[in-house]
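Have a look at the structure below before the remarks.
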Amino acid sequence: MKHPAALNGKAQGSVVGRSMRRVEDQALLTGRATFLDDIDLPDVLHAVFVRSQVAHGTIRAIDVDEATRVPGVVAVFTADDLALGDLVTPLQEDIFSPPRPLLARERVRFVGEPVAVVVAESRYAGEDAAALIEVEIEPLPVVGDIAAALDESGPSLHDQPDGSGNVVFEQQATMGDPDAAFASAAHVLERTLQHPRLTAAPMEPRGAAAYPEDGGVTLWCSTQFPHSLRRIVRELLGIEQVRVRCPDIGGGFGLKGINYPEEIVVGRLALELGRAVKWVEDRAENLLASCHAREMEVRVRAAADADGTLLALDVDAICDVGAYGTYPLGHILEVLGVFGMSPGPYRVRNYRARARSVATNKCPSGAYRGVGLPVATFVHERVMDLLAAQTGIDRAELRRRNMVRADEMPYTSITNQRYDSGDYAAALDAALELIGYDPTDNGSVERKDGRLVGLGIASYVEWTGTNSKIFRTRGMSAVNGFDGCHMELDAEGVLTIWTTLPSIGQGTTTTFAQLAADSIGVALHDVRVVQSDTAASDIDGTGTGASRSANIGAGALHLAGTELRQRLIEDAAEMLDVAPDELEVAESLIVERDMPSRAIRFAELAKTAEPERYRVSREFDPEHVLYAYATHACRVAVDPETGDVEIVDWVVAEDCGRVVNPVIVEGQTQGAVAQGVGGALYESLHYDEAGQPQTASFMDYLLPTACEAPSVRIRHLELPVPDAILGSKGMAEGGTVAAGAALANAVSDALGAECNALPLTPERLWQCRAAAASPPETS
Amino acid sequence: MDKRKVEIEINGRVHAAEIEPRLLLSDFIRYEARLTGTHVGCEHGVCGACTVQVDGLPIRSCLLFAVQADGCEVRTVEGMTAGLPYGQLSVLQQAFHEKHALQCGFCTPGFLLSLEPLLLSDVELTDDQIRSALSGNLCRCTGYQNIVAGVRLAVERIRGDRDSPDSEAATVAGEPG
Chain A
1 MKHPAALNGK AQGSVVGRSM RRVEDQALLT GRATFLDDID LPDVLHAVFV RSQVAHGTIR
61 AIDVDEATRV PGVVAVFTAD DLALGDLVTP LQEDIFSPPR PLLARERVRF VGEPVAVVVA
121 ESRYAGEDAA ALIEVEIEPL PVVGDIAAAL DESGPSLHDQ PDGSGNVVFE QQATMGDPDA
181 AFASAAHVLE RTLQHPRLTA APMEPRGAAA YPEDGGVTLW CSTQFPHSLR RIVRELLGIE
241 QVRVRCPDIG GGFGLKGINY PEEIVVGRLA LELGRAVKWV EDRAENLLAS CHAREMEVRV
301 RAAADADGTL LALDVDAICD VGAYGTYPLG HILEVLGVFG MSPGPYRVRN YRARARSVAT
361 NKCPSGAYRG VGLPVATFVH ERVMDLLAAQ TGIDRAELRR RNMVRADEMP YTSITNQRYD
421 SGDYAAALDA ALELIGYDPT DNGSVERKDG RLVGLGIASY VEWTGTNSKI FRTRGMSAVN
481 GFDGCHMELD AEGVLTIWTT LPSIGQGTTT TFAQLAADSI GVALHDVRVV QSDTAASDID
541 GTGTGASRSA NIGAGALHLA GTELRQRLIE DAAEMLDVAP DELEVAESLI VERDMPSRAI
601 RFAELAKTAE PERYRVSREF DPEHVLYAYA THACRVAVDP ETGDVEIVDW VVAEDCGRVV
661 NPVIVEGQTQ GAVAQGVGGA LYESLHYDEA GQPQTASFMD YLLPTACEAP SVRIRHLELP
721 VPDAILGSKG MAEGGTVAAG AALANAVSDA LGAECNALPL TPERLWQCRA AAASPPETS
Chain B
780 MDKRKVEIEI NGRVHAAEIE PRLLLSDFIR YEARLTGTHV GCEHGVCGAC TVQVDGLPIR
840 SCLLFAVQAD GCEVRTVEGM TAGLPYGQLS VLQQAFHEKH ALQCGFCTPG FLLSLEPLLL
900 SDVELTDDQI RSALSGNLCR CTGYQNIVAG VRLAVERIRG DRDSPDSEAA TVAGEPG
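Which chain is which? The protein sequence lines are A and B, in order.
Numbering-wise (my numbering), the first sequence opens with residue 1 and increments by one.
Numbering-wise (my numbering), the second sequence opens with residue 780 and increments by one.
Written out as structure tokens, the structure is:
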């Protein structure tokens, strides 16, 4: 036990802010972690889904006879056998929410849609049987892309009550007087930007395993949103007793923040068969049938005056959301991100925006790190560079002139985003300094080796930690918006902490422990942050995603911890017969300030306390959304012959407020930049006209390797955040938000040709250069 | 399908089983030998998460049938700490830990098994060469920067200790010093 004298001079808040090494590493490094497929389930059955090989069609028959006779097969189920309701994301009444059958009924709407499920003693037997199932589908014309979706003479994927065809969401608004601004502006530009269809591709694919327990079902799931999954399983299976537990999770990036039909079906199978049932998808299923993201076309018009001041912005965004929405976020979030955040960190007072989601015969599209903000940033950062070229004003100076200033905070944008705090120009200046920006350097510098050098800047602001108020405003009623924490101190003095935010690799097992140490005064080695479990207590929440952990998760933990600390102090005061304010807490010890030899350990208090006394649950729903921001800058060298793009340097100046663990925060930024680079240069999901996926493996969907990912230099700004409960904003999505814009700007700069479509493949670069050489009539 | 008898030594222990010829080595390791540290990320040989060593060479266990490893010596991540005091990590694992070279950890065993031979060589390693050596393993979380740093630290420690005559020999790859 530490001598009480050692506590003298120990500063409050001394654990948060340190680059502590991670407590979760030991198990992960030695192969002793437990991912979904590692869970030891005695006597487990394996579920294999049969998936549609046709993009659009009417199901005529499903022949399972041969399949049921395969040795080892226990059962085969179709939609009729399970007789379950559809998965419907609750949205505002006036927004159509496409119902999604758990197993296709009557109609299939994308290649990969689950049609039947085989349950067998081994996965090999299950796949043998699945291959023998004949699904007779009468093809329907395929709605293959945005143009086809908008063509009213073509088929509609869903029966909308108001007959809106394939436009499954539309929102329009005009603020200020954009028409007048465009009419009087010295400079006007109009462009169409295109963003490819991407997918998160975590290294661990999806999986779920269920078994009957306690009169209901326990469902292990590699999910970021366990409480949401519990809710929808309860609803669709019609049972109350549902427990969702998270194993170690091998990455999620938003893809696992969606609750899937397969996961719900697995729960049902366990109950139906009275045995444990496990489902693990393979990579082809993950790329074809989980969750896609970001496929958008945006037509943008911008007006500026002679000195580069942005006068108006007009954005028309269409998102190809695939065949169905995704639960619990729905099909509107990505396009709302473009609608709401196209102004970015800039002052825009005249705005027109139209946002539409259209259904096509492709995999449903939903959440992936950044969710809509990568496209919004692509829009405003291309506009900035294009305006700079058109006005002759330096691109950094143009940004600086238009940025919302620190003294204007909190600033409510034209789209009602309350930018709470920040100094956008300071981040810009820091990034420019890091990369060695020279305003006289006019791009396209040709190096000795014949390659063209360019520099790209991308500034952005992002919402982090969306609260319940905003989710209600958006009509997304299946998303709670708050999160919870439950903690228990046992008789040995060990503090166990559960939150509603599963760890997915982002280090919260360590960072939450750091926060607990500071909030409570518990010794770090006495803290165990355990993986999310809906049975841990009554807490409910949203889950991990949308950069919620450092503000909302931390907030719930702080509220619970503060209450626990108070109880410990009260009880110690009584035991020591002093006033509570005469006591200090640190390292799991409560000490009388003026007589440090009088002290009592947490464990001693816990031994004699009532069982519930040191068990605390709290939920946190912040009043304000916090807006993190950054500027990224990169230098590229482009080979004009081969179209190869080498990233020579990448810098980030970011502000997420108080940094809980610098090494972990930087690791998030490095990883996000790499993902963003992938989406900007290499990754793209394609379908042909028949709706057949062309990119069904890592041979075609190219994730960046160590040779493609850049080294990233990072500077933190850490400005005060008055509205944050602990001074921290969320973070970790920034790299994917900024990378596409930064690279489009850098490559455009290098080539001296506009690049307004991603990914920047060699073929695309060739097209951009050709277009620049013979420009079309319209600008 | 007729089953075949195999004997595969994994981390020094022989696993005998009667298996289908089509059983992948990755599945044999995970389900027959019940060593779940080796992970399956793609099953088409690209991501490298399933990398183990067979007779000393890193290979993708998703691209090998277990029958092909009959009579071979296989090394998985669980073998890296064999012989070490409880809680101690090998030089490479320790370097990964110190440099935050893992986040979700799913790809990590594959990286460790792929990298071990590199550490034991004498090849001069620039950052570019390290990245090239890593290019057969995909990571979606880290962006690779800290993995490169982890490799560099491990190389320095192993080679530094090897060159220094009276230092304690570094425990490379779990072998006791």
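Ideal Cβ placement from N, Cα and C applies to all residues, glycine included.
The structure presented is a predicted model; accordingly, all values stated were derived computationally and were not measured.
Alpha-carbon to alpha-carbon, residue j and residue i
i: V902 (chain B); j: I909 (chain B); result: 10 Å
i: R299 (chain A); j: T192 (chain A); result: 4 Å
i: G671 (chain A); j: E297 (chain A); result: 26 Å
i: I725 (chain A); j: G555 (chain A); result: 6 Å
i: V721 (chain A); j: A550 (chain A); result: 13 Å
i: G956 (chain B); j: I937 (chain B); result: Because the pLDDT at G956 (chain B) is just 28, under 50, the model does not fix this residue reliably, and the value given afterwards should be weighed accordingly. Roughly 12 Å separates the two Cα atoms.
i: A200 (chain A); j: R369 (chain A); result: 8 Å
i: E683 (chain A); j: L765 (chain A); result: 15 Å
i: G734 (chain A); j: G740 (chain A); result: 11 Å
i: S547 (chain A); j: A732 (chain A); result: 6 Å
i: L236 (chain A); j: V265 (chain A); result: 10 Å
i: A317 (chain A); j: V335 (chain A); result: 7 Å
i: G722 (chain B); j: L102 (chain A); result: Because chain B in this structure spans residues 780 to 956, residue 722 (chain B) falls outside the shown range and cannot be described.
i: G553 (chain A); j: R268 (chain A); result: 31 Å
i: A491 (chain A); j: E574 (chain A); result: 19 Å
i: D179 (chain A); j: E190 (chain A); result: 14 Å
Under 8 Å from the C-beta of residue i: neighbouring residues of chain B
i: E204 (chain A); result: H818, G820, C883, F885
i: R32 (chain A); result: G816, E857
i: A201 (chain A); result: R919
i: V673 (chain A); result: G922
Cross-chain neighbours of residue i in chain A, by beta carbon under 8 Å
i: E1038 (chain B); result: With chain B covering only 780 through 956, there is no way to say anything about residue 1038 (chain B).
i: Q872 (chain B); result: L29, T30
i: A812 (chain B); result: Under the 8 Å cutoff, chain A gives no residues; its nearest Cβ is about 12 Å from A812 (chain B).
Per-residue contacts from residue i into chain B (C-beta, under 7 Å)
i: S711 (chain A); result: Q924
Range covered by the beta strand (DSSP E) that runs through residue i
i: G884 (chain B); result: Looking at the DSSP string, G884 (chain B) is not in any beta strand (DSSP E), and its letter there is neither H nor E.
i: L836 (chain B); result: 836 to 839
i: T192 (chain A); result: 187 to 195
i: Q873 (chain B); result: It is not in any beta strand (DSSP E) - Q873 (chain B) instead sits in the alpha helix (DSSP H) that spans 870 to 877.
i: S617 (chain A); result: 615 to 620
i: F602 (chain A); result: Per DSSP, F602 (chain A) belongs to no beta strand (DSSP E); it is in the alpha helix (DSSP H), 602 to 608.
i: R356 (chain A); result: 351 to 359
i: V242 (chain A); result: 242 to 245
Among the options, nearest to residue i - alpha-carbon criterion
i: V404 (chain A); options: A:E204, A:L310, A:C656, A:I95; result: A:L310
i: R231 (chain A); options: A:V48, A:D25, A:P202, A:N480; result: A:N480
i: T58 (chain A); options: A:V73, A:V142, A:P328, A:A209; result: A:V142
i: V578 (chain A); options: A:L564, A:I600, A:P410; result: A:I600
i: L515 (chain A); options: A:V50, A:E492, A:M487; result: A:M487
i: G176 (chain A); options: A:S547, A:D314, A:D63; result: A:D314
i: L568 (chain A); options: A:V585, A:L557, A:M384, A:A556; result: A:V585
i: V445 (chain A); options: A:D700, A:E136, A:I133, A:V638; result: A:V638
i: D644 (chain A); options: A:G344, A:W498, A:T544, A:C707; result: A:C707
i: S597 (chain A); options: A:L589, A:E604, A:A603; result: A:L589
i: R294 (chain A); options: A:L84, A:G337, A:R275; result: A:G337
i: D483 (chain A); options: A:G543, A:D594, A:D533; result: A:G543
i: C319 (chain A); options: A:A306, A:D282, A:A312, A:P364; result: A:P364
Bounding residues of the alpha helix (DSSP H) (the contiguous stretch that carries residue i)
i: E127 (chain A); result: 123 to 132
i: S468 (chain A); result: 468 to 474
i: A179 (chain A); result: Reading off the sequence, residue 179 (chain A) comes out as Asp, not Ala. Element bounds for D179 (chain A): 178 to 184.
i: M384 (chain A); result: 373 to 391
i: C768 (chain A); result: 762 to 773
i: T695 (chain A); result: That residue, T695 (chain A), is in no alpha helix (DSSP H); it is neither H nor E in DSSP.
i: P662 (chain A); result: 662 to 677
i: L519 (chain A); result: Looking at the sequence itself, residue 519 (chain A) is Ser, so the reference to Leu does not match. 508 to 520 is the span of the alpha helix (DSSP H), which, as asked, contains S519 (chain A).
Cross-chain neighbours of residue i in chain A, by beta carbon under 7 Å
i: R910 (chain B); result: A706, C707
| request: Mind checking the segment 675 to 703 of chain A against chain B and listing, in chain order, the residues whose C-beta falls within less than 8 Å of any C-beta there? | output: Q675, S697, F698, M699, L703
| Can you list, in chain order, the residues of the segment 33 to 55 of chain A whose Cβ is nearer than 7 Å to any Cβ on chain B? | A33, F35, D38
| request: Determine which residues of the segment 427 to 441 of chain A have a Cβ less than 8 Å from any Cβ of chain B, and write them out in chain order. | output: none
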